[in-house]
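2 protein chains.
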Amino acid sequence: MSIYQRIFTDVETKILSGDWRPGDRIPVEHELAAEYRCSRMTVSKALSALAERGMIVRRRKTGSFVASPQIDRTVMDIQDISTEAELAGHEHRFEILARKVERLGETEAQQLSEPADAEVLRLQCLHIVDGRPNAIERRIIMLDAVPRAREESFASIPPGKWLLEQVPWSKAKHVIRAVSADTVTARILQIERGEACLSLIRQTWQNGRTVTYVEITHPGDRFQFAGTFHPTAI
Amino acid sequence: MSIYQRIFTDVETKILSGDWRPGDRIPVEHELAAEYRCSRMTVSKALSALAERGMIVRRRKTGSFVASPQIDRTVMDIQDISTEAELAGHEHRFEILARKVERLGETEAQQLSEPADAEVLRLQCLHIVDGRPNAIERRIIMLDAVPRAREESFASIPPGKWLLEQVPWSKAKHVIRAVSADTVTARILQIERGEACLSLIRQTWQNGRTVTYVEITHPGDRFQFAGTFHPTAI
DNA sequence: TATATCTATTTGTATAGTCAAAAGCGGAGC
DNA sequence: GCTCCGCTTTTGACTATACAAATAGATATA
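Protein sequences, first through last, are from chains A and B. Here the numbering used here runs 1468 ahead of the position in the first sequence, where the first position is 1. Here the numbering used here runs 1468 ahead of the position in the second sequence, where the first position is 1.
Here is the structure:
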């Protein structure tokens, strides 16, 4: 393994493990060069690669800092409903419909590839954009991965936003489907039973452990996912 | 603009313009270094960045080559129905339902941000996977961007696959929605009218010019998009 | 003929330096 | 107080060079 790869993965690991938190300053190039007994060029190559991936932010004179965790925006321009809604200039609020701590059932455990008795926080949350129901969020948070969630009421901050601030992101899986609204969903979203809904399932990992699993169901006529992708310039 | 950025964009432009085609060999590092009057390190930095983005492939002793164009697989694991279906081990065939050359209408022109009188090839195509209708593809190909499409019948190769082989990709926009099947769509896909369908719209550009615009409609119960994304290692 | 070995080419990694650009900071002058 | 100037730190770009690793192709050997 080359030196700059070692530096890259060492720094990446410290960030993903939460050892270095967003905003923390990373040792300056000549310090890392001394630590790894290599030239500044080699350190620079590793840090530049991390910066390109958005893991860190570099500024002359002030140094390099751990960036705020966020799902890769080049992947899909959806991550957190409240942020998205506000960016688009809409009024957003939410209601927690249910919140309980329990253990994972057999079927779900298999679905998540997690042990059946794992303790989880189960949340159900309704998002309201511009006064109309916009999405139902059904979420499971693994309590061994995010113990702080046990004390959080989510009264003033939606779960998705809270998690993004708490947990550095390392891997995510998305599934997008079209489904017909069942009776319960239709009632909550104030739509007709059988209407087309867009369902997004996302499972997020940190260092191989599941952090959260969420299914977000939108009324099909009121929502769409959009993203522009291109090979970014240097 | 720095030297390595100039090299990067020069090579990128030659590839995206079709000047250098997939498989073509790129001048070796010392040739480019002489051309740009810089050191080999600088050339190396530019070419490595291109390799990381998947624009070129580098191999010791043999040199660097233009990679085959393909939609960034980290973005979304869908690009071309026939390739996807075959990779997943399904039997795939397709039928061209309509094919005509015409000029862009006012509404559509606005939607695509293209001049209203632009000549286009309009295609409608049904995809059948494992014997069942899987998707309707409604496609517009801009004939000034892809003149070769005028002579192509698409009898033996589906339009999506053909385009991927012809046109290098530079930018794409996706919109995913859930829609209820209208009468025509329902009849073609052999589903009930009003059933939930997953609609994917993709517009692809090359050097700022629209290449193609396509809407693919899947039966909601038979299809989903999935993708795993993580910060890739060096 | 088939296989092993050598050689030349090309990329990959690293060094030790230079100079430049950005930007925070303190002090001089008003 | 405020503005401007120069100092210093840190990153950014680049050079010239060195050696290593991979490997296609030529050559030698069994």
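Built from N, CA and C at the ideal position, the CB exists for glycine as well.
Roughly how many whole angstroms lie between the Cα atoms of residue i and residue j?
i, j, result
"R1521 of chain A", "A1535 of chain A", "10 Å"
"A1646 of chain A", "C1665 of chain A", "6 Å"
"F1691 of chain B", "R1561 of chain B", "16 Å"
"Q1578 of chain A", "F1476 of chain B", "47 Å"
"D1545 of chain A", "D1689 of chain A", "Because the pLDDT of D1545 of chain A is 40, which lies under 50, any placement of that residue in the model is unreliable, and the question is left without a value."
"I1494 of chain B", "A1501 of chain B", "13 Å"
"K1482 of chain A", "Q1592 of chain A", "33 Å"
"R1677 of chain A", "E1582 of chain A", "9 Å"
"E1503 of chain B", "V1479 of chain B", "13 Å"
"L1611 of chain B", "W1488 of chain B", "21 Å"
"E1574 of chain B", "A1586 of chain B", "10 Å"
"L1589 of chain A", "I1625 of chain A", "16 Å"
"W1673 of chain A", "S1516 of chain A", "25 Å"
"F1622 of chain A", "Q1671 of chain A", "20 Å"
"V1635 of chain A", "A1584 of chain A", "23 Å"
"A1566 of chain A", "T1510 of chain B", "57 Å"
"S1512 of chain A", "E1499 of chain A", "11 Å"
"V1496 of chain A", "I1644 of chain B", "43 Å"
"G1662 of chain A", "A1640 of chain A", "30 Å"
"I1409 of chain B", "S1532 of chain B", "As shown, chain B starts at 1469 and ends at 1702. That puts residue 1409 of chain B outside it, with no answer to give."
"D1598 of chain A", "L1668 of chain B", "26 Å"
"H1642 of chain A", "H1642 of chain B", "15 Å"
"Y1681 of chain B", "L1580 of chain B", "8 Å"
"I1609 of chain B", "A1519 of chain B", "29 Å"
"E1507 of chain A", "R1474 of chain A", "For the sequence presented, residue 1507 of chain A should be read as Ser rather than Glu. Cα to Cα, S1507 of chain A sits roughly 14 Å from R1474 of chain A."
"R1618 of chain B", "E1605 of chain B", "18 Å"
"Q1658 of chain B", "E1563 of chain A", "39 Å"
"L1632 of chain A", "R1571 of chain A", "23 Å"
"I1656 of chain A", "E1683 of chain A", "15 Å"
"R1505 of chain A", "R1526 of chain A", "22 Å"
"T1530 of chain A", "D1492 of chain A", "12 Å"
"R1616 of chain B", "R1600 of chain A", "48 Å"
"W1630 of chain A", "K1629 of chain B", "42 Å"
"G1486 of chain B", "S1638 of chain B", "11 Å"
Please list the terminal residues of the continuous alpha helix (DSSP H) segment that includes residue i.
i, result
"A1576 of chain B", "First, the amino acid is wrong: residue 1576 of chain B is Glu here, not Ala. E1574 to L1580 is the span of the alpha helix (DSSP H), which, as asked, contains E1576 of chain B."
"A1613 of chain B", "Taken as a continuous stretch (DSSP letters only), A1613 of chain B belongs to no alpha helix (DSSP H), as it is neither H nor E."
"I1483 of chain A", "I1471 to L1484"
"H1558 of chain B", "Counting along the chain, H1558 of chain B falls outside any alpha helix (DSSP H), and DSSP gives it neither H nor E."
"E1629 of chain A", "Reading off the sequence, residue 1629 of chain A comes out as Lys, not Glu. Where K1629 of chain A is concerned, the enclosing alpha helix (DSSP H) stretches over P1627 to Q1634."
"R1527 of chain A", "Per DSSP, R1527 of chain A belongs to no alpha helix (DSSP H); it is in the beta strand (DSSP E), I1524 to R1527."
"V1534 of chain B", "No alpha helix (DSSP H) holds V1534 of chain B; the beta strand (DSSP E) holding it covers G1531 to V1534."
"S1512 of chain B", "R1508 to E1520"
"I1466 of chain B", "Within the shown structure, residues of chain B are numbered from 1469 to 1702, placing residue 1466 of chain B beyond reach of any answer."
"A1584 of chain B", "Element bounds for A1584 of chain B: n/a, residue is neither H nor E."
"E1497 of chain A", "E1497 to Y1504"
Give the interface partners of residue i over in chain B, defined as CB-CB distance under 9 Å, in chain order.
i, result
"E1582 of chain A", "Those do not exist, as E1582 of chain A stays about 17 Å from chain B at its closest Cβ, beyond 9 Å."
Using a C-beta to C-beta distance shorter than 7 Å, which residues of chain B count as neighbours of residue i?
i, result
"S1512 of chain A", "Under the 7 Å cutoff, chain B gives no residues; its nearest Cβ is about 11 Å from S1512 of chain A."
Name, please, each residue of chain A whose Cβ falls closer than 8 Å to the Cβ of residue i.
i, result
"G1688 of chain B", "R1645, A1646, V1647, S1648 and A1664"
Could you spell out where the beta strand (DSSP E) holding residue i opens and where it closes?
i, result
"T1685 of chain A", "R1677 to P1687"
"T1672 of chain B", "A1664 to Q1674"
"E1587 of chain A", "E1587 to V1597"
"R1645 of chain B", "K1639 to S1648"
Let me know if residue i comes out buried or exposed under the rule of 16 or more other beta-carbons within 10 Å of its beta-carbon.
i, result
"N1602 of chain A", "buried"
"H1686 of chain B", "buried"
"S1648 of chain B", "buried"
"V1652 of chain B", "exposed"
"P1627 of chain B", "buried"
"S1470 of chain B", "exposed"
"H1455 of chain B", "Since the first residue shown for chain B is 1469 and the last is 1702, residue 1455 of chain B is missing from the structure and cannot be characterised."
"R1607 of chain B", "buried"
"V1614 of chain A", "buried"
"V1569 of chain B", "exposed"
Cβ of residue i versus every heavy atom of the ligand SAH: is any distance shorter than 6 Å?
i, result
"R1571 of chain A", "Looking at this structure, you won't find the ligand SAH or any other ligand, since it has none at all."
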